[in-house]
Amino acid sequence: MILQVATHEAGVLNRLAELGGDKLARQSLALRTWNILVLAALLDPEERWLAMVYTQLNIFSATYQSLLRTYAYLDHPPETGTTDVNHAYIAIKFWLLLTHKKARRDGTGNEMEMGVWNELWPPFEAMVGLLGTEVQPSFMLTTLTCSTVADLVIFLRSLRSPALLQTTSHITMLNKMKELGREAATARIARAMRSLSEPPPDVSVDTLVSQAAKDVVAAEKLRVLESGKGVYERRGPERHRRDMTTSTR
14 MILQVATHEA GVLNRLAELG GDKLARQSLA LRTWNILVLA ALLDPEERWL
64 AMVYTQLNIF SATYQSLLRT YAYLDHPPET GTTDVNHAYI AIKFWLLLTH
114 KKARRDGTGN EMEMGVWNEL WPPFEAMVGL LGTEVQPSFM LTTLTCSTVA
164 DLVIFLRSLR SPALLQTTSH ITMLNKMKEL GREAATARIA RAMRSLSEPP
214 PDVSVDTLVS QAAKDVVAAE KLRVLESGKG VYERRGPERH RRDMTTSTR
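Structure follows, in structure tokens:
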């Protein structure tokens, strides 16, 4: 429905950044909402929304970059840290897929796809640069980001993206991830390194869209799980014990 309205009033998408409470919460929610909208455009069998959504890249990018820049000024990752990393990673995949499908439909080259990569990767790369520093010491967030960088390289291979021309840069980044010593991400990093020297797999765009859609589901399940954990932690053990006492009366 939002995409239908945006066809006649594109400005409605500008107001996505106004969702939520404080600035960080608004940006985090806006990023998730944008991902759902782009996914809807990708899943439309008639491909009616590809061009319209693509024209909104600069609007999306403003929210995306503003959110990721926030991490440079925080002493500790916010509660939305895991969700933000997951959805920033998903956003890169979705916009590359959207641009790839649009270029294929229009019969144009891959210059637009490279433009999307140059727009969205540097802010994510800058956030990755904070890992292992005192600015972002979170073990879980570091492990997650190492995994997403590795998965993103594998995705680029599957999409046969022109961003693969930056092979040296990808190898440098993967080596940095390996040096962080996050054992949980070691296998993915090794797989990504191997993929750079192997022929690209034969995977359809529709399959990649389906896989990316599953990423959204997984990210949202994790968000709900962490949200519930956060509520418990804010209530504290004393409140929990009082609730248990009341329930046994």
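Per the numbering used here, residue 14 is the first one in the sequence shown, and the count goes up by one each step.
Where is the CB? At the ideal position from N, CA and C, for every residue including glycine.
These numbers come from a predicted model, not from an experiment.
Below 8 Å, how does it come out for the stretch 224-239 and the stretch 89-98: are there three or more Cβ pairs, yes or no?
yes
Would you tell me roughly how many angstroms separate the C-alpha atoms of Gln149 and Ala101, rounded to the nearest one?
Counting from one through the sequence shown, the residue named residue 149 turns up at place 136. Counting from one through the sequence shown, the residue named residue 101 turns up at place 88. Any reading at Gln149 must be qualified, since the residue scores a pLDDT of 49, below 50, and its modelled position is unreliable; no value is offered.
Kindly indicate which three-state DSSP category Val216 falls into: helix, strand or coil?
On the sequence shown, position 203 is the one that residue 216 refers to. Correct three-state label for Val216: coil.
Give the C-beta separation of Val129 and Leu154 to the nearest angstrom, bearing in mind that I take them to be a contact with Cβ-Cβ under 8 Å.
Taking the sequence shown and counting its residues from 1, the one referred to as residue 129 is at position 116. Taking the sequence shown and counting its residues from 1, the one referred to as residue 154 is at position 141. The Cβ separation is near 25 Å, so there is no contact.
Hey, quick one: how far does the alpha helix (DSSP H) through His89 stretch, first residue to last?
By 1-based counting over the sequence shown, the position of residue 89 is 76. Looking at the DSSP string, His89 is not in any alpha helix (DSSP H), and its letter there is neither H nor E.
Quick one: any contact between the stretch 152-167 and the stretch 110-118, if contact means 3 or more CB pairs under 8 Å?
no
So, helix, strand or coil for Pro58, using DSSP?
Translated into positions along the sequence shown, residue 58 becomes position 45. The answer is coil: DSSP assigns Pro58 none of H, G, I, E or B.
Following the continuous alpha helix (DSSP H) through Glu138, name the residue where it begins and the one where it ends.
Translated into positions along the sequence shown, residue 138 becomes position 125. Looking at the DSSP string, the run of the alpha helix (DSSP H) that includes Glu138 is Glu124 to Val141.
Where does Ser210 fall in DSSP's three states?
For the purposes of this step, residue 210 is taken as the residue at position 197 of the sequence shown. Reduced to three states, the DSSP call for Ser210 is coil.
From Leu111 to Arg82, what distance separates their C-alpha atoms?
Position 98 of the sequence shown, counted from the start, is the residue given in the question as residue 111. Position 69 of the sequence shown, counted from the start, is the residue given in the question as residue 82. About 24 Å.
Which of helix, strand or coil does DSSP assign to Ser174?
Working through the sequence shown from its first residue, we reach residue 174 at position 161. In this structure, Ser174 counts as coil in the three-state DSSP scheme.
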